[in-house]
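**Q**
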Amino acid sequence: MSDPEEFESGLEALRASADAAKARMSAPTEAAAKRAPKPARGDLEALLAGAQAAAAAAPPAKAPTCSGCGGALGSERAEPSERRELPVRCLECRRKGRAAIVSQFLPEYFAATTLETPELSTWVRSARAIAATRRALHEPRVTFVGPAGSGKTTLALAAIRARYVETGERFRIQPSWDLAVARQRFPLGDGDPPPIEDSIRTTMLLLDDLGNERPGPTYTGDLELIVYERHMHNRPTWVTTWCSKDQAIAKYGDGIARRLFSEALVIDCGGR
Ligand SMILES: [Zn+2]
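Position in the sequence shown counted from 1, then plus 8, gives you the working numbering.
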C-alpha cells in the first residue's frame with residue numbers, strides 16, 4: 009500500500025510492452041524484406057516520385073494528443089512510466105488515473121474518505137482545520153494536532169489522498185507504534201529495519217499517531233534519524249499527534265519538537 013507510483017508505472021510498462029508487441033507483429037521483418045524481389049531502377053524512381061507527391065499532399069504534422077482522452081497536449085512531458093514508448097497523457101487524465109487507484113494505498117477504514125466527503129465535518133471537530141488542510145496540500149511539513157477522536161488521522165489521510173491525486177508523489181503511511189518496535193522485530197538485519205529505512209526514503213511520509221507508541225530504548229533515536237534525515241533532504245513529512253509542543257519536548261526532546269512544531273504548519277484539529 010505504500011507504493012502507488014511503482015504500481016502505476018508497472019501498469020504503464022505493461023501497456024507499453026503490449027503496444028510494442030503489437031507493433032512488432034505488424035512490422036515486416038528483416039528476413040521478409042530480404043526475400044522480397046529487388047525493384048528495378050525505373051520502379052525506384054516511380055516510387056520516389058510517388059512518395060514526394062504524397063509528402064507534398066500530406067497535411068502538416070498533427071499537434072501531440074493525449075493517449076487517454078485524445079485531447080491536445082500542452083506542455084506535458086512523458087512521465088517516467090511513459091518514457092519507454094510514446095504515449096503521453098494529459099494532466100487531467102493522469103489525475104483521473106491516480107484518483108481511480110489511490111484507495112488501494114490507504115488503510116481500508118479511511119479508503120473512501122476524501123476532502124469532499126460531506127461527513128468529514130462531523131468527523132473532524134474543527135471546521136477551521138478542514139479549511140486550513142485544503143490550503144495546505146502542497147506544504148512540505150504539516151503537523152495535525154488533536155486528542156484521540158478529534159479526526160486528525162481522517163483529515164490527514166484525506167489530505168494525503170488529495171495530494172497524491174494532484175502530484176503523483178509516492179507516499180508512505182507509517183504508524184508510529186509500528187516504528188517504535190521496528191528494531192525489536194528486525195534485530196539481525198544489516199542497516200536499518202525496513203519500516204525505518206522506508207520511512208527515511210519515501211518521497212512523502214505521513215507519520216501517524218505520534219505519541220501513542222510505547223517507546224523502547226532506541227525509539228527516540230529512530231524517530232530522530234527519520235525526521236532529521238527527511239528535513240535535511242527536504243522530503244515532505246506530515247505528522248499526526250496528540251502531543252502539544254511542550255509534551256513533544258518532554259517525550260522526544262527539543263530537536264524533534266522544534267521540527268514538528270516550529271518548523272511545520274501546525275493544524276489544530278480541535279477537541280481540547
Ligand atoms: Zn487526456
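Don't be surprised by glycine CBs; every beta carbon is placed ideally from N, CA and C.
(1) Pick out every residue whose C-beta is nearer than 6 Å to a heavy atom of ligand 1: which are they, in chain order?
(2) Do the region 114-125 and the region 163-170 meet, that is, are 3 or more Cβ pairs less than 8 Å apart?
(3) Cα separation between K104 and V173?
(4) List in chain order: all unbroken beta strand (DSSP E) runs of 3+ residues lying wholly within the region 103-187.
(5) Under 7 Å from any heavy atom of ligand 3, does the C-beta of S158 make it?
(6) So does the region 227-239 actually touch the region 128-136, counting three or more Cβ pairs closer than 8 Å?
(7) Less than 8 Å separating the beta-carbons of I181 and D206?
(8) Assess, as a yes-or-no matter, whether the region 188-195 is touched by the region 155-165 under the definition of 3 or more beta carbon pairs within less than 8 Å.
(9) From the DSSP output, in three-state form, read off D254 for me.
(10) Which runs of the beta strand (DSSP E), 3 residues or longer, sit entirely within the region 228-277?
(11) Taking N242 as the reference, which of R267, A258, T248, Y227 has the closest Cα?
(12) Shortest alpha-carbon distance to E87 belongs to which of G279, C77, R102?
(13) In whole angstroms, what is the alpha-carbon distance linking E53 and A61?
(14) Please state the DSSP three-state secondary structure of G196.
(15) Just curious, the beta strand (DSSP E) that L218 is in, first and last residue?
(16) Let me know the secondary structure DSSP gives G279 once reduced to three states.
(17) Can you find the residues in the same chain that come closer than 7 Å, C-beta to C-beta, to P183, ignoring five residues on each side of it along the sequence?
**A** Straight from the coordinates:
(1) C74, G76, C77, G79, R97, C98, E100, C101
(2) With a cut-off of 8 Å, the region 163-170 and the region 114-125 count as touching, because enough Cβ pairs lie within range.
(3) Stepping through the sequence shown from its first residue, residue 104 is reached at position 96. Stepping through the sequence shown from its first residue, residue 173 is reached at position 165. For K104 and V173, the gap between their C-alpha atoms comes out near 8 Å.
(4) 149-153, 179-183
(5) Ligands in the displayed structure: ligand 1; ligand 3 is not one of them.
(6) no
(7) Position 173 of the sequence shown, counted from the first residue, corresponds to residue 181. Position 198 of the sequence shown, counted from the first residue, corresponds to residue 206. In this structure, D206 does not lie closer than 8 Å to I181 by Cβ.
(8) no
(9) As a first step, residue 254 must be located in the sequence shown, where it is residue number 246. Here D254 sits in helix by DSSP.
(10) Fully enclosed beta strand (DSSP E) runs of 3 or longer: 245-249, 273-276.
(11) Taking the sequence shown and counting its residues from 1, one reaches residue 242 at position 234. Taking only the C-alpha atoms, the option nearest N242 is R267.
(12) Here residue 87 corresponds to residue number 79 of the sequence shown, with the count starting at 1. The shortest Cα separation from E87 among G279, C77, R102 belongs to R102.
(13) The sequence position of residue 53 within the sequence shown is 45, counting from 1. The sequence position of residue 61 within the sequence shown is 53, counting from 1. Those two C-alpha atoms are separated by around 12 Å.
(14) Translated into the one-based positions of the sequence shown, residue 196 becomes position 188. As written in the sequence, residue 196 is Leu, which differs from the Gly given in the question. Of the three classes helix, strand and coil, the one that applies to L196 here is coil, per DSSP.
(15) As a working note, residue 218 is residue 210 in the sequence shown. Note, L218: beta strand (DSSP E), 212-218.
(16) Against the sequence shown, residue 279 aligns to sequence position 271. DSSP, reduced to helix, strand and coil, places G279 outside both helices and strands of the structure shown, so it counts as coil.
(17) Working through the sequence shown from its first residue, we reach residue 183 at position 175. Closer than 7 Å at the Cβ level, and outside the excluded window around P183, lie D216, D217.
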